[in-house]
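Peer 1: Per the numbering used here, the very first residue in the sequence shown carries number 12; after that it's consecutive.
This is the structure, below, for whatever I ask next.
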Amino acid sequence: MHDYTCCSCSVSNILHVRSSPQYEYFNAVLINEVDEEGNNVELGAEFLLEPNDHFNNLSVNLSLSVVQVPTNMYNKGWSRMNTIITMITISLACLFPPPPSSSSSSDPDIVNGVYWSEALNRVFVDNFEKDPTLIWQYFGSAKGFFRQYPGVKWHPDEHGVIGFDCRNRKWYIQAATSPKDVVILVDVSGSMKGLRLTIARQTVSSILDTLGDDDFFNIIAYNQEIHYVEPCLNGTLVRADRTNKDHFREHLDKLFAKGIGLLGEALTEAFTILSDFNQTGRGSLCSQAIMLVTDGATQMYDDVFERHNWPERKVRIFPYLIGRESAFADNLKWMACANKGYFSQISTLADVQENVMRYLHVMSRPKVIDHEHDTVWTEAYVDSAPSSADPVLSPTPASHSAGLTTGRLESRYMALDERANASPGYTGGARLALARCCYPSDI
Numbered sequence: 012m013h014d015y016t017c018c019s020c021s022v023s024n025i026l027h028v029r030s031s032p033q034y035e036y037f038n039a040v041l042i043n044e045v046d047e048e049g050n051n052v053e054l055g056a057e058f059l060l061e062p063n064d065h066f067n068n069l070s071v072n073l074s075l076s077v078v079q080v081p082t083n084m085y086n087k088g089w090s091r092m093n094t095i096i097t098m099i100t101i102s103l104a105c106l107f108p109p110p111p112s113s114s115s116s117s118d119p120d121i122v123n124g125v126y127w128s129e130a131l132n133r134v135f136v137d138n139f140e141k142d143p144t145l146i147w148q149y150f151g152s153a154k155g156f157f158r159q160y161p162g163v164k165w166h167p168d169e170h171g172v173i174g175f176d177c178r179n180r181k182w183y184i185q186a187a188t189s190p191k192d193v194v195i196l197v198d199v200s201g202s203m204k205g206l207r208l209t210i211a212r213q214t215v216s217s218i219l220d221t222l223g224d225d226d227f228f229n230i231i232a233y234n235q236e237i238h239y240v241e242p243c244l245n246g247t248l249v250r251a252d253r254t255n256k257d258h259f260r261e262h263l264d265k266l267f268a269k270g271i272g273l274l275g276e277a278l279t280e281a282f283t284i285l286s287d288f289n290q291t292g293r294g295s296l297c298s299q300a301i302m303l304v305t306d307g308a309t310q311m312y313d314d315v316f317e318r319h320n321w322p323e324r325k326v327r328i329f330p331y332l333i334g335r336e337s338a339f340a341d342n343l344k345w346m347a348c349a350n351k352g353y354f355s356q357i358s359t360l361a362d363v364q365e366n367v368m369r370y371l372h373v374m375s376r377p378k379v380i381d382h383e384h385d386t387v388w389t390e391a392y393v394d395s396a397p398s399s400a401d402p403v404l405s406p407t408p409a410s411h412s413a414g415l416t417t418g419r420l421e422s423r424y425m426a427l428d429e430r431a432n433a434s435p436g437y438t439g440g441a442r443l444a445l446a447r448c449c450y451p452s453d454i
C-alpha cells in the first residue's frame, strides 16, 4: 500500500507522550471485563458506571470518557488481532514501531492522539455542567479513534467486532469538508477481472459512505464505452442521501469487466457533467472532484485536463490504483498532483477504508488554512436528537501549512420537546442556524 502526493500533501505529525514509562486509558469495549478467575483481563480495567436518567437510564461515568478504535487500526503489535485496547501499558519504544512490513507494526499517531485528547475530559465535564440540554459529546480523530463522553460500555456483535468508524458518521463528514459535487469513474476493462473488481466495488461503496446530504454524485463505469451505473440518470448528479446511495450500491454488483479502458472519454464525460450541472445552479455550487478507481493509466491525458480543468483547476482528481502492480502508477500520481488531488494505492480489501478517507484531508485544506471553525448542525438522528460538530485544526505549523485537520468535535442535544423540561426559560427552536460555507478551490 502506497500513497503519494506533491506539495506536502502528506505530513506525519507525532506528538510524543510524556516521559513516563507507562500510559493508560479506557476503551469502551473491554472496560470491566474479567477472566474466568474474576480478575481484570489483560487489557481490561475497572470503570465505574452508574445509571443516569439524563441518559435514558444507561449506566455511564460522568467524570471520564472512553475510547473506541476501529478493529482494523491495530494488530498484534499491542494487542491480539482485531481486539481494541482498553487499558494499555505502552513503553516509549512503541513510539518507534517496526517498518510497515512487520507483523508487529502499529500507528504511534493513534496512541499519541489518545494521550493528548485525554485533556478533553475536563472540557466535556464543564460543558455538561453548564448546559442541561447537552447529552453526548464526541471527539472523532482523523486517525480513526473516537472519544465519547460520558463514558459508557460498548458491546461487540456476535463476531466480536465493532464496525463503527467515526469518520463515516454524517456529523464528521459535514464538519470535515464543504459541500461537493463528485463523479466516480470505475474502470471495468478486462484487466479489472476478479479480485480487482471486487476491491473496486468496495472502494466505490466506501467513497459513497463519505458523502452527505449536502453533496451530489454519480457513478460511471467505463471500458471502450461509457456506462452509467444507473442508466436513468445519465448526464446529471443526484443528492447523496441514504436512499440514493443505497440504490447505487445495488447496481455495483451488476458491474463486470471486459474490453479495453478508454479513460480519456470517461474523464471528458465527468468534466462535462460537473460543468453542466454546476451551471444549472442545482448542485452544491462549491467543491468538485473526480474519483478515479482503476488499475492503471497508460498516459497522462494532459490534453483532457488542459481542455476542461486548467488553469483554474476547479476539479480535484483523486486516483485510486487497484492492485499491487505499479507499472502505470506514475501517470495517476501525475494526474493527482496536476489537479490538486491525492493518489492512493489499494492492494487488498483491508486497505480500502483508510485509503478512501485520505481525500477528506485534501478537501478540508481550505478550512484549515483559512482558520475557519464553522459549527455545523445536522438534522435530527433516529432518536430525534440534533447535533453540532466543529472541525478541530492541527496546532502545528507544519500541519497547518499542509492543510491537515486533527479531527472533529461533536455535541448532541436533547430533542426539542425534552429541552423545555431540562432548561428553564427555553422556548424552543434551534440555538444556531446551519452554516455551510464554500471555500476556494485554489488551495
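Even glycine gets a Cβ: it sits at the ideal position worked out from N, Cα and C.
1) Could you pull the start and end residues of the beta strand (DSSP E) that Val71 belongs to?
2) For the structure I just gave you, are there three or more beta carbon pairs, one from the segment 196 to 209 and one from the segment 171 to 184, closer than 8 Å?
3) Cβ of Tyr233 within 9 Å of Cβ of Trp182?
4) Do three or more CB pairs link the segment 231 to 249 to the segment 330 to 347 at distances below 8 Å?
5) Could you spell out where the beta strand (DSSP E) holding Lys191 opens and where it closes?
6) Could you pull the DSSP bridge partners for His238 from this structure?
7) Between Gln185 and Ser295, what straight-line distance do the alpha-carbon atoms span, to the nearest angstrom?
8) How big is the Cα-Cα spacing for Leu59 and Ala251?
9) In whole angstroms, what separates the C-alpha of Leu263 from that of Val240?
10) Under 8 Å: do the segment 270 to 278 and the segment 191 to 200 share three or more Cβ pairs, one atom per stretch?
11) Could you check what DSSP says for Trp345 in three-state terms: helix, strand or coil?
12) Assuming Phe37 contacts Leu75 (C-beta within less than 8 Å), just tell me the rounded distance between them.
13) Rounded to a whole number of angstroms, what is the C-alpha to C-alpha distance between Phe257 and Asp220?
14) Beta carbon of Ile210, beta carbon of Val193: below 9 Å?
15) Out of curiosity, what's the CA-to-CA distance linking Ala413 and Glu47?
16) From the DSSP output, in three-state form, read off Ser295 for me.
17) DSSP three-state call for Asp394: helix, strand or coil?
18) So what does DSSP say about Tyr126, is it helix, strand or coil?
19) Using beta-carbon positions only, say whether Tyr331 and Val304 come within less than 9 Å of one another.
20) Judging by CA-CA distance, which residue of Lys154, Tyr160, Gly151 is the nearest neighbour of Glu140?
21) Does DSSP put Tyr312 in a helix, a strand or coil?
22) Thinking Ala340 and Phe316 are a contact (beta carbons under 8 Å), I'd like their distance in whole angstroms, please.
23) Going by DSSP, name the residue or residues bridged to Asn38.
24) Pick out whichever of Phe354, Ala39, Leu222 has its Cα sitting closest to the Cα of Lys191.
25) Leaving aside the five residues before and after Ile237 along the sequence, list all residues of the same chain whose C-beta is less than 7 Å from its C-beta, in chain order.
26) State the DSSP-derived secondary structure class of Phe227, mapped to helix, strand or coil.
27) What's the C-alpha gap between Trp345 and Gly246?
28) How is the beta strand (DSSP E) around Ile328 delimited, first residue to last?
29) Could you give the C-beta distance for Phe282 and Asn320, rounded to a whole number, given that I count them as a contact under 8 Å?
30) Given Gln364, which residues of its chain have a CB within under 8 Å of its CB, disregarding the five upstream and five downstream residues?
31) Ignore the nearest five residues each way along the sequence and tell me which others in Gly352's own chain have a CB closer than 6 Å to its CB.
32) Distance, Cα to Cα, Pro242 vs Thr214?
33) Which residues in the same chain as Ala187 place their Cβ atom closer than 6 Å to its Cβ, once the five residues preceding and following it in sequence are excluded?
34) With distance defined between alpha-carbon atoms, name the residue in Phe156, Asn132, Asn342 nearest to Asp313.
35) Please classify Lys265: is it buried, with 16 or more other beta-carbons within 10 angstroms of its beta-carbon, or exposed?
36) Return the chain-ordered list of same chain residues with a C-beta closer than 7 Å to the C-beta of Arg9, the five sequence neighbours on each side being excluded.
Peer 2: Short version:
1) 69 to 71
2) No, they do not touch.
3) No, the Cβ-Cβ distance between Tyr233 and Trp182 is not below 9 Å.
4) Remark: fewer than three beta-carbon pairs, one from each stretch, lie closer than 8 Å, so the segment 231 to 249 and the segment 330 to 347 are not flagged as touching.
5) Note, Lys191: beta strand (DSSP E), 191 to 198.
6) Ala232
7) 13 Å
8) 41 Å
9) 7 Å
10) yes
11) helix
12) 7 Å
13) Note on identity: in this sequence residue 257 is Asp, with Phe being the wrong assignment. In a straight line, the C-alpha of Asp257 is about 10 Å away from that of Asp220.
14) no
15) Caution applies to Ala413, whose pLDDT of 44 falls short of 50 and renders its modelled position unreliable; the value that the coordinates give is listed next. Rounded to the nearest angstrom, the two C-alpha atoms are 50 Å apart.
16) coil
17) Annotation note: pLDDT 46 at Asp394 (below 50); position unreliable, no value reported.
18) In the structure shown, Tyr126 falls within a helical segment according to DSSP collapsed to helix, strand and coil.
19) yes
20) Tyr160
21) The three-state reading of DSSP puts Tyr312 in coil, since its state is none of H, G, I, E or B.
22) Not really, about 18 Å apart at Cβ, beyond 8 Å.
23) Partner(s): Val78.
24) Per the Cα distances, Leu222.
25) Ile231, Glu276, Ala277, Glu280
26) strand
27) If you take the alpha carbons of Trp345 and Gly246, they lie about 27 Å apart.
28) Element bounds for Ile328: 326 to 333.
29) 7 Å
30) Pro81, Asn83, Asp176, Ser217
31) Arg327, Ile328, Phe329
32) 21 Å
33) Leu371, Ser375
34) Asn342
35) exposed
36) This structure cannot settle anything about residue 9, because the visible part of the chain is limited to 12 through 454.
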